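Since the structure comes first, as structure tokens, the remarks are kept for the end.
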Amino acid sequence: MSTFGSESLEDPGGSLRPIERAFFDRPTLIVARELLGHVLVHRTPEGLTAGRVVEAEAYLGPNDPASHAYRRTARSRVMWGRPGTAYVYFTYGNHFCINVVTETEGVAGAVLIRALEPVAGLDLMRSRRGVGDPRELCSGPGKLTVAMGITGAHNGWDLTREPLYLAWGALREGETVGISPRIGIRRAADWPWRFFVEGSPFVSRSPRKSRAPRASWRP
DNA sequence: ATCTAGATCGGCT
DNA sequence: GCCGATCTAGATG
74 MSTFGSESLE DPGGSLRPIE RAFFDRPTLI VARELLGHVL VHRTPEGLTA GRVVEAEAYL
134 GPNDPASHAY RRTARSRVMW GRPGTAYVYF TYGNHFCINV VTETEGVAGA VLIRALEPVA
194 GLDLMRSRRG VGDPRELCSG PGKLTVAMGI TGAHNGWDLT REPLYLAWGA LREGETVGIS
254 PRIGIRRAAD WPWRFFVEGS PFVSRSPRKS RAPRASWRP
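Residue numbers for the first sequence follow the working numbering, beginning at 74 and rising by one.
So, in structure tokens, the structure goes:
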């Protein structure tokens with residue numbers, strides 16, 4: 074599937090062209106890692122917002138105890154659905170988080186988008202978030218849904234088309250991918266399924282201390 | 001019917 | 001770093 078890699082390089086963030094569904098119809102860990110550098114876009118009546126993915130986590134199916142798809146329930150059902158679908162859920166009584174569904178339809182998997190580097194509509198993001206610092210706009214899964222105007226109403230949305238979609242982007246020259254355990258979970262807490270742009274000031278926080286080694290991966 | 005943990009954030013120390 | 005807010009999904013009785 075290296076065609077995806079080369080295609081992503083021909084459009085480093087300019088035209089916001091939607092990513093094809095086939096990109097998401099692959100193993101979740103691959104999609105999570107390769108999602109870095111691509112761009113989440115939302116066009117609303119208030120204006121356009123967009124951000125580069127700088128942090129993402131893989132959540133698998135019935136063999137991943139930390140995943141909502143560990144059990145098949147009404148909420149997690151969409152994780153078995155069509156790749157490229159949005160899985161938006163509400164947590165901690167306060168926050169929405171957005172995932173993109175992966176794997177072939179019928180196989181559970183999703184990638185949680187944990188942080189974005191804002192690239193368009195920063196003033197709209199500021200007014201939605203009530204803060205000014207670009208690093209504070211989308212540096213966390215609950216923050217970025219507010220900044221991007223995403224709510225539970227977007228659960229089940231097809232992220233391969235307007236007005237809410239993922240667009241081709243790319244890692245910049247010299248950027249490398251860091252790997253660590255996922256954040257904020259109890260079960261499978263050591264599995265290194267979080268991917269992030271090393272050194273980016275736009276990632277959320279560090280994972281809690283863990284036996285699993287941090288690692289780095291060079292594309 | 002009731003309980004509990006949670007893919008979080010912001011404020012405070 | 002610690003803690004409270006706020007509430008839902010899912011589990012258990």
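By construction, the Cβ of each residue, glycine as well, lies at the ideal position given by its N, Cα and C atoms. Model, not experiment: these values are computed from the prediction.
Beta-carbon proximity check, residue i vs residue j, cutoff 8 Å
i      : j      : result
Arg187 : Ser277 : yes
Ala123 : Ala105 : no
Arg125 : Glu190 : yes
Gly157 : Asp231 : yes
Ala226 : Pro138 : no
Tyr311 : Val151 : Shown here, the chain extends from 74 to 292; a query on residue 311 therefore has no answer.
Arg144 : Trp153 : no
Proximity to residue i [Cα-Cα], best of the options
i      : options                           : result
Tyr238 : Thr249, Arg259 and Gly222         : Gly222
Val174 : Ser200, Asn228, Arg90 and Met198  : Asn228
Ala142 : Arg116, Ala181, Leu121 and Val112 : Ala181
Arg155 : Ala147, Pro135, Thr177 and Tyr165 : Thr177
Phe96  : Arg148, Val250, Leu217 and Thr233 : Thr233
Phe169 : Gly205, Leu217, Arg245 and Val127 : Leu217
Ile103 : Ser273, Gly272, Asp263 and Val250 : Val250
Leu244 : Leu197, Ala147 and Ser273         : Ser273
Arg135 : Glu128, Tyr162 and Ser149         : In the sequence on display, residue 135 carries Pro and not Arg. Checked all of Glu128, Tyr162 and Ser149; the closest Cα to Pro135 is Ser149.
Residue i - DSSP class collapsed to helix/strand/coil
i      : result
Phe269 : strand
His227 : helix
Ser283 : Low local confidence applies: a pLDDT of 46 at Ser283 is under 50, so the model's placement there is unreliable, with the coordinate-based value given in what follows. In the structure shown, Ser283 sits in coil (DSSP, three-state: anything other than H, G, I, E or B).
Glu107 : helix
Leu244 : coil
Ser253 : strand
Thr218 : helix
Phe275 : coil
Met74  : Unreliable positioning characterises Met74 in this predicted model, as indicated by a pLDDT of 38, which lies under 50. The coordinate reading is nonetheless provided below. Three-state DSSP puts Met74 in coil, outside helix and strand.
Glu209 : helix
Leu232 : coil
Glu80  : Low confidence applies here, because Glu80 scores a pLDDT of 34, under 50, leaving its location unreliable; read the following figure in that light. Here Glu80 sits in helix by DSSP.
Ala193 : strand
Ser88  : coil
Presumed contact (8 Å Cβ cut-off) between residue i and residue j, rounded CB distance
i      : j      : result
Val270 : Leu109 : 6 Å
Gly203 : Leu121 : Actually they do not touch by this definition, with Cβ atoms about 20 Å apart.
Gly242 : His111 : 4 Å
Ala240 : Ile92  : 6 Å
Pro236 : His115 : 6 Å
Asn167 : Leu185 : Contact doesn't hold; Cβ gap of about 16 Å is too wide.
Could you name each continuous beta strand (DSSP E) segment of 3 residues or more that falls completely within the region 109 to 187, going from the start of the chain to the end?
112 to 117, 120 to 132, 159 to 164 and 168 to 174
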